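**Student:** First the structure, then my questions, so here it is.
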Amino acid sequence: MKKRFPALYILVFLFIILLSSCKTNHRDDGLAQKVTITFWHSMGLQHSKILNGIIADFESQHPQIHVNPVYQGGYTQLLTNLTASCTAGTNPVMSQMYESWTTRFLDYDLLKNVDDLAKDYGGLSPESRSDIPEVFIKDNSWNGKLVTLPFNKSAYMLFYNKDALKKIGFVNEKGEGRPPVTWSEFRDAALKMTQRERTEVRQYGYGVRPFIEGFTYFLFRAGGQYLDSDGKKVLFADEIGRMTLDYLVDMKVKDGSVYVEPGYLDTPFGAGRIAMCVNSTASLPYTEKAVAGRFDWGIAPIPYPDGKEESARTLFQGTNIGIFKNHPDEKIVAAWKFISFLTDTKSATAWSVGTGYLPIRYSVMQTEMMQDYLKKNPRYSSAAALLDNGIFEPRVLTWEPVRTVITDYFEAALNGRRSSEETINAMKEKCEKIIRTF
């Protein structure tokens, strides 16, 4: 005769199991075995440390999921690697991606979309969704569906040397150097802060990198655009685009107040080689290090054409996170859990505070961590205040080759090899030819 295991023992045994499970922060992910998910990114050493910290936090709460972050080099290399891996079917489970890349991936039906993931597996409630600024929702949506989630977003701002501006009479009510607000003020300040000794320039009023962004952020502040919504019509060669290029070329060629530097601008700015430059908010920690207390500095919105404040928009850039669909369900679920965690308020706060990237949720600004950060870094609040003013580059399939053309011609105009009129006409012709081939 078999002995029956007393019911009381069973109850005690179950209670012990329940009690022990309550002592951990582990979550039941519904996974039969440990799952590894690859995440391709282009975050450099300083930013990857913050990313790895968030990943470690996630894995401590989800022991059945291992996130393998793989650095792919710069964004150009990341796109090259993604394109090759998608062709070979060896692409990662998830990756950073720019909007125009997402358009391409969707064209080949390679991505899961966030709306379907939230519907199938939970997460991203209406309240959570409304916490994400509309500019980011729109930027991550295609055909009415949210496809990706925002990640490392930054705004382009004017970085200015307060001490240098104070010397030329640009002073606020506190007696501090103030930034120029309009294009006429900006040009005047750049010229006055340019210091010459015989044939050499000791300090330039303004520094710019010879890439498309140097044209873009002024074009957007003037209310201009590159292409129509379908990407089939060139818009940048209109009156606004021509005025913008004329303005920048005149500052460089006629005024001699512009320093052209292919490298990052935090170094010449910190050394006093340039008194103003435009940089993304992601460069705030690098600029702080470069300046090293040698002078007082600040950031402000980029100047706009006189009388055009209402149409002035701010260039936002940065990638989003997408999930590729050619993976087993358990990896898709794990990836969804991870990007949900990566973009929640707590993680987004840690990311913004650690990197200088924009908050991707309104609630980030209310956290204790962010409030403490703002007390120590008041400049950051100037960038965060622009969340509802942002505009992104086009995301159509033609954008990558078009932006390459614009970069090449903008650099030639800045260096005096072409007039602004020749440049804008040639850019228009080349870009229209590219558009016709798609």
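Each residue of the sequence shown is one higher than the one before, starting from 679 at the first, in the numbering used here.
The beta carbon of each residue, even a glycine, is placed where N, CA and C say it ideally should be.
Please read these numbers as outputs of a predicted model, since none were measured by experiment.
(1) Could you compute how far the alpha carbon of histidine 704 sits from the alpha carbon of glutamate 737?
(2) Let me know the secondary structure DSSP gives phenylalanine 683 once reduced to three states.
(3) Once you ignore the five residues that flank histidine 719 on each side, which residues in its own chain have a CB closer than 8 Å to its CB?
(4) What is the residue span of the beta strand (DSSP E) that methionine 772 lies within?
(5) Using the Cα positions of lysine 930 and threonine 758, report the straight-line distance between them to the nearest angstrom.
(6) With a Cβ-Cβ cutoff of 8 Å, do phenylalanine 994 and isoleucine 1102 count as a contact?
(7) Straight-line CA distance for lysine 701 to isoleucine 733?
(8) What do you get for serine 808, buried or exposed, if any count of 16 or more other CB atoms within 10 angstroms of its CB means buried?
(9) Thinking C-beta only, is leucine 789 closer than 8 Å to valine 927?
(10) Using three-state DSSP, classify isoleucine 1010 as helix, strand or coil.
(11) Go ahead and label arginine 876 buried or exposed: buried means 16 or more other beta carbons lie within 10 angstroms of its beta carbon, across all protein chains shown.
(12) What's the call for glutamine 1044, buried or exposed, on a 16-neighbour Cβ count within 10 Å?
(13) Rounded to the nearest angstrom, what separates glutamine 742 and isoleucine 810 at their Cα positions?
(14) Determine the DSSP secondary structure at serine 1025, reduced to helix, strand or coil.
(15) Can you look up valine 859 in the DSSP assignment and give me helix, strand or coil?
(16) Taking C-beta to C-beta, are threonine 992 and proline 983 nearer than 8 Å?
(17) Starting from the C-beta of serine 1097, find all residues in its chain whose C-beta is less than 8 Å away, skip the five residues before and the five after it, and write them out in chain order.
(18) So the beta strand (DSSP E) serine 961 belongs to, where does it begin and stop?
(19) Measuring alpha carbon to alpha carbon, tell me which residue in Cys955, Val938, Thr1115 and Asn1055 is nearest proline 981.
(20) Would you list the residues sitting across from leucine 836 in a DSSP beta bridge?
**Tutor:** If we stick to the structure as given:
(1) For histidine 704, the predicted model reports a pLDDT of 46, less than 50, meaning its position is unreliable and no value from the coordinates is stated.
(2) Summary for phenylalanine 683: the model assigns pLDDT 33, below 50, so the residue's position carries little reliability, and this model does not support an answer.
(3) These residues qualify, in order along the chain: Ser726, Leu729, Pro747, Val748, Tyr749, Gln750, Leu756, Ser773 and Gln774.
(4) Here the beta strand (DSSP E) through methionine 772 covers 772–775.
(5) Near 34 Å, if we compare the C-alpha coordinates of threonine 758 and lysine 930.
(6) Not a contact, by the Cβ cut-off of 8 Å.
(7) For lysine 701, the pLDDT reaches just 37, beneath the cut-off of 50, and the residue's location in the model is therefore unreliable, although a value from the coordinates is still provided. Going from the Cα of lysine 701 to the Cα of isoleucine 733 covers about 22 Å.
(8) The residue is exposed, with fewer than 16 neighbouring Cβ atoms inside 10 Å.
(9) Contact flag unset, no.
(10) Residue state, collapsed to three classes: helix.
(11) The residue in question, arginine 876, is exposed, as its Cβ has fewer than 16 Cβ neighbours within 10 Å.
(12) Under a 10 Å Cβ-count criterion, glutamine 1044 is classified as exposed, with fewer than 16 other Cβ atoms of the shown protein chains found around its own Cβ.
(13) Going by the C-alpha atoms only, they are around 29 Å apart.
(14) Per DSSP, reduced to three states, the secondary structure at serine 1025 is helical.
(15) Looking at valine 859 - three-state DSSP - the assignment turns out to be coil, as it is neither helix nor strand.
(16) Contact: no.
(17) Setting aside the 5 residues that flank it on each side, serine 1097 is surrounded in the same chain by Val927 and Ala1091, each with a C-beta closer than 8 Å to its C-beta; the list follows chain order.
(18) The continuous stretches of beta strand (DSSP E) do not include serine 961, and DSSP gives it neither H nor E.
(19) Taking only the C-alpha atoms, the option nearest proline 981 is Cys955.
(20) Val956 and Ala978, per the DSSP bridge assignment.
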